[in-house]
Structures are given as structure tokens and as C-alpha cells.
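Asker:
Numbering (the numbering used here), first residue to last: 100 to 361.
Okay, structure coming up:
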């Protein structure tokens with residue numbers, strides 16, 4: 100059978116379209132290429148993804164617009180849990196997951212995934228809400244974060260996660276306090292670890308990322324200043340202009356004019 104929750108929920112840079120579970124061999128095989136991308140967690144049995152053997156406690160990702168051929172082993176019928184996200188979420192997932200060159204990964208929380216499969220199987224006919232999908236996907240993301248933390252050296256794991264978080268979410272209004280809450284660490288601790296790892300402060304790095312992308316948009320796009328401000332997390336164009344001038348000594352307009360003359 101196939102069971103699925105649909106959604107239009109967005110978590111950080113991840114926009115989830117659906118989560119589901121299936122043990123139907125006719126459903127769990129396909130040749131496809133699509134704009135969205137899919138994460139599969141194999142919970143039992145085994146199968147093949149583009150001729151690569153996939154067993155339980157492994158998973159595979161089908162990137163956007165990527166040709167995929169996957170099917171169950173006829174003698175070891177598989178079951179799996181899937182998450183479908185928009186293509187814009189792909190870079191964030193790549194940073195979070197430890198996928199190899201064949202888009203395959205391992206995971207150590209099979210019991211968690213199976214519990215979601217049972218929940219979806221039980222509740223599909225009762226109705227559901229975006230909250231259900233939010234809760235499930237948030238839990239999965241947290242499990243991957245936990246595994247990454249276990250596998251990283253203690254001195255740098257939080258700093259590296261913070262850097263990845265900034266790289267992916269620079270276009271949003273980021274609160275470092277919220278990031279610390281997500282990581283369950285204090286602000287002084289994260290500030291110290293980040294400075295030790297990269298030689299600059301959290302704020303300096305975040306500002307540098309925003310300035311870098313703002314400059315790229317000023318030089319290569321037709322967006323107006325207000326639109327560029329929104330693209331790097333500023334709702335107020337005056338606040339963005341002040342931020343840009345503080346970090347570059349030029350207003351956005353001055354920077355664009357001077358660069359166009361070179």
C-alpha cells in the first residue's frame with residue numbers, strides 16, 4: 100500500500116511537498132526525472148538505485164531533473180519512507196546529508212523513520228494538516244543534525260553547522276539566538292567556537308555573506324535596490340542601504356555606478 104501526507108510547508112530553506120510510506124512493489128519502482136527532488140529511506144528489504152544496491156538503513160536522493168531508475172530486489176521486497184521537496188531545497192539538503200557521489204547515504208535512526216511510516220499509515224484516512232508534515236520533517240532534520248554532530252570533532256561541529264546554516268539562509272532575517280536554540284548551545288559558546296574555527300565572528304561572517312550576494316545582484320541583475328534588499332534578508336531598503344554603506348563605504352547605488360564604469 101501507499102500512504103502520503105501532502106504539504107506546502109517551508110522549514111528554513113526547505114519547502115516540503117509531501118512525505119509518504121509504501122511497501123507496494125509496483126509503486127516503489129520508477130524511471131523518472133522531475134523538477135522536485137526526493138529523499139528515500141529504505142527501512143526493510145533491499146533494492147537498486149541506478150544499479151547500485153541499497154539496503155535497509157541506507158537511503159538515496161533523486162536530485163532535480165536527474166534520471167533515476169530504482170526498483171526492489173524481487174527476492175527481498177523493500178519498504179521505504181520518502182520526502183518530496185522543491186528543487187530550491189536541494190542545496191540545503193546536500194549540505195546537511197552525507198551523500199556519496201552516487202547520491203546514496205546511510206542513516207542510523209531506522210526506528211524513527213518506521214514510526215513515521217506507521218503514523219502515516221494509520222492517519223492518512225483521518226485527515227491531516229501541514230503541522231503533521233512539519234513535525235515529521237523537523238524530526239528527520241534533527242536526526243541528521245545529531246548524526247553529524249556525533250561524527251564531527253567536538254571543537255568544530257557547531258561552528259561548521261553555523262557556517263552551513265548561514266550559507267544556505269543568508270537571504271532570511273537570521274537571529275543568532277534562534278540558531279543557538281536550534282543547536283542547544285549558548286551564544287557565548289557558539290561565538291567562541293566560530294571565531295576559533297574561522298578567525299572571524301559569527302556576525303562578521305553573516306554580514307560578509309550578505310554583502311557578497313548583494314554585490315553580485317547589483318552587478319549582474321536588473322533587480323532594484325528594494326528587491327536586492329529583500330534578497331539578503333532586509334525588508335527595509337533604508338536599513339539595507341545603511342548596512343551596505345557601513346560595510347563597503349559606498350551606497351548600493353554608488354557601488355553599482357562605480358562598478359559599471361570599470
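Quick reminder that beta carbons are idealized off the backbone N, C-alpha and C, glycines included.
Please read these numbers as outputs of a predicted model, since none were measured by experiment.
Taking C-beta to C-beta, are residue 196 and residue 204 nearer than 9 angstroms?
Answerer: In contact: residue 196 and residue 204 (Cβ atoms closer than 9 angstroms).
Asker: Compare the beta carbon distance of residue 299 and residue 316 with 9 angstroms and say whether it is the shorter of the two.
Answerer: Cβ atoms of residue 299 and residue 316: not closer than 9 angstroms.
Asker: Does the Cβ of residue 158 have 16 or more other Cβ atoms within 10 Å, making it buried, or fewer, making it exposed?
Answerer: Counting Cβ neighbours within 10 Å, residue 158 comes out buried, since at least 16 surround it.
Asker: In chain order, what residues of the same chain have a beta carbon less than 8 angstroms from the beta carbon of residue 343, not counting five sequence neighbours either side?
Answerer: These residues qualify, in order along the chain: 310, 313, 349, 350, 351 and 354.
Asker: Answer with buried or exposed for residue 150, where buried requires no fewer than 16 other C-beta atoms within 10 angstroms of its C-beta.
Answerer: Per the 10 Å Cβ criterion, exposed.
Asker: Near residue 194, which residues of its chain fall below 8 angstroms by C-beta distance, leaving aside the five closest residues on each side in sequence?
Answerer: These residues qualify, in order along the chain: 263, 266 and 267.
Asker: Here's a check: name, in chain order, each residue in its chain whose Cβ is nearer than 7 angstroms to the Cβ of residue 290, leaving out the five neighbours to either side.
Answerer: Only 300 and 301 meet the Cβ criterion.
Asker: In whole angstroms, what is the alpha-carbon distance linking residue 337 and residue 279?
Answerer: Cα to Cα, residue 337 sits roughly 28 angstroms from residue 279.
Asker: Tell me which residues share the same chain as residue 136 and place their Cβ nearer than 7 angstroms to its Cβ, disregarding the 5 neighbours each side in the sequence.
Answerer: For residue 136, where only same-chain residues beyond five positions count, the Cβ hits under 7 angstroms are 160, 161, 162, 163, 184, 186 and 189.
Asker: Can you tell me which residues form a DSSP beta bridge with residue 148?
Answerer: In DSSP, residue 148 forms a bridge with 151 and 169.
Asker: Can you give me the C-alpha to C-alpha distance between residue 273 and residue 320, rounded to a whole angstrom?
Answerer: When rounded, the distance between both Cα atoms is 24 angstroms.
Asker: Let me make sure I understand the geometry here. Which of 330, 292, 168 and 140 has the alpha-carbon closest to that of residue 270?
Answerer: With distances taken between Cα atoms, residue 270 lies closest to 330.
Asker: Count the other CB atoms within 10 Å of the CB of residue 226; is the residue buried (16 or more) or exposed (fewer)?
Answerer: Residue placement at residue 226 cannot be trusted, given a pLDDT of 49 that sits under 50; the coordinates are not used to answer.
Asker: Note down, in chain order, each residue of its chain lying with its Cβ closer than 7 angstroms to the Cβ of residue 134, except the 5 sequence neighbours on either side.
Answerer: The residues are 163, 164 and 186.
Asker: Between residue 235 and the ligand PLP, is the CB less than 8 angstroms from at least one heavy atom?
Answerer: By its list of ligands, the structure shown contains no ligand whatsoever, and the ligand PLP lies outside what it can speak to.
Asker: Scan the region 293 to 326 and note each continuous alpha helix (DSSP H) run of 4 residues or more that stays entirely inside, going in chain order.
Answerer: Whole alpha helix (DSSP H) segments, 4+ residues: 301 to 319.
Asker: Start and end of the beta strand (DSSP E) containing residue 138?
Answerer: 136 to 143 is the span of the beta strand (DSSP E), which, as asked, contains residue 138.
Asker: Taking 8 angstroms as the limit between beta carbons, can you name the residues of its chain near residue 206, skipping five residues before and five after?
Answerer: 140, 156, 157, 158, 212, 242, 243 and 246.
Asker: Going by DSSP in three states, residue 208 sits in which element: helix, strand or coil?
Answerer: Note: residue 208 maps to coil in three-state DSSP.
Asker: Out of 305, 318 and 260, which one is the CA nearest neighbour of residue 292?
Answerer: It is 260 whose Cα lies nearest to the Cα of residue 292.
Asker: Hey, how far is the Cα of residue 236 from the Cα of residue 180?
Answerer: The alpha-carbon atoms of residue 236 and residue 180 are separated by roughly 12 angstroms.
Asker: Please confirm whether residue 144 and residue 167 have their CB atoms less than 9 angstroms apart.
Answerer: For residue 144 and residue 167, no; Cβs fall outside 9 angstroms.
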